[in-house]
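Residue numbers (the numbering used here): 49 to 332. Positions of the beta carbon are idealized from the N, C-alpha and C atoms, including for glycine. On a predicted model such as this, the values are computed, not experimentally measured, just so you know. So the structure is just underneath, and the comments pick up after that.
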Amino acid sequence: MSKEDTGFMFSITLRTPEQKTTGRPASPSCGKPAWKKGDSMQPEHRKPFRNNLLKTALKMIIPMVFALFCCAPSTTFAEEELIPLNSSATADTPSPKNLDEAVLRLAKQLVQQGNLQGQPVLISANDLYESKSRLSLPLAIQLRGKLITEMKQSGCRVLLPGADTDNAMILQGTWQKEGDHLRIDLKVMKLGPSGPEAAASASESVPLKMIDRESLTPDRESWARYLVRKLETNAMNPARRTLHMGDFQVKGKRCSDELGTYLAGWIRPALAESRMFLLRPMVK
49 MSKEDTGFMF SITLRTPEQK TTGRPASPSC GKPAWKKGDS MQPEHRKPFR NNLLKTALKM
109 IIPMVFALFC CAPSTTFAEE ELIPLNSSAT ADTPSPKNLD EAVLRLAKQL VQQGNLQGQP
169 VLISANDLYE SKSRLSLPLA IQLRGKLITE MKQSGCRVLL PGADTDNAMI LQGTWQKEGD
229 HLRIDLKVMK LGPSGPEAAA SASESVPLKM IDRESLTPDR ESWARYLVRK LETNAMNPAR
289 RTLHMGDFQV KGKRCSDELG TYLAGWIRPA LAESRMFLLR PMVK
């Protein structure tokens, strides 16, 4: 990721030897940040949008979202409505009592249905999101951790972002509210002769009262994971690539000099979770 003078207040450019893919959001207005110089730039985990800096960052994120929607999607493991091949819920099977029990069932069903014992499967929080908003809410972090544990216990070879994933399958998942329950749908995708196809799928419903309310509330990291997933989906070339990243270039007299550093620190963890981009520090 490099910095270019595009004439806009905020720009992100991805470069490879073969192509250039540039997101160009509309120019936002910058407000006075709520933090002082010298304060920690590391975002607190699951902290809601409360200060002026976060509001400013959010104003810059929204145009990026619309710009990414306008890009043509690739033929990689793109987002799709995750309709399970066959639902696990039956009249004879009671719903799981909590999230741990639901994930245990989901993992066993996926591994058994797709014969995934010993098979490489990549699990990233970026690929777990709420079905309507498409945001990778804090629940995605919880699901990722639990799925890694249970998929390993079920005999699957779990890969984390950064590993060699050329021949790996991808675990994708969504959730949505259905009455007083939260329905979780998961799929394990593989690259078949005609493109991506589901190797296994499963779904479970958990009582909403057993889900932490804050885990269903968007935070700033939710937007970062969303944007990285859109970059992956809209990439013209699905090949894995190395990404060099420095501070963001921010223009405007009313913007803090540290805003570019803050924004880079905000999106870096989501890029580190990417299945497509191998993050490397900028060489000075």
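query, result
"Residue 219 - partner residues in DSSP beta bridges", "236"
"Buried versus exposed, by CB contacts within 10 Å (16 or more), residue 287", "exposed"
"Coarse secondary structure for residue 224, derived from DSSP in three states", "strand"
"Residue 330 versus residue 177: straight-line alpha-carbon distance, rounded", "30 Å"
"Nearest-angstrom Cα separation, counted from residue 172 out to residue 327", "15 Å"
"CB contact flag (residue 159, residue 195, <8 Å)", "no"
"Beta-carbon proximity of residue 142 to residue 254, cut-off 8 Å", "no"
"Cβ neighbour criterion (16 or more within 10 Å) applied to residue 322", "buried"
"Every unbroken alpha helix (DSSP H) within the stretch 259-286, with a cutoff of 4 residues, ordered by chain", "268-281"
"Which residues DSSP lists as bridging residue 289, in chain order", "325"
"For residue 149, the first and last residue of its enclosing beta strand (DSSP E)", "Looking at the DSSP string, residue 149 is not in any beta strand (DSSP E); the run it does join, the alpha helix (DSSP H), is 147-162."
"CA-to-CA distance, residue 310 to residue 221, given in whole angstroms", "29 Å"
"Same chain, Cβ closer than 7 Å to residue 206, neighbours up to 5 away in sequence not counted", "169, 171, 196, 199 and 200"
"Collapsed DSSP secondary structure at residue 295 in the structure displayed", "coil"
"Of the listed residues 155, 293 and 313, nearest to residue 192 (C-alpha basis)", "155"
"Where residue 245 falls, given that 16 or more other Cβ within 10 Å makes a residue buried", "exposed"
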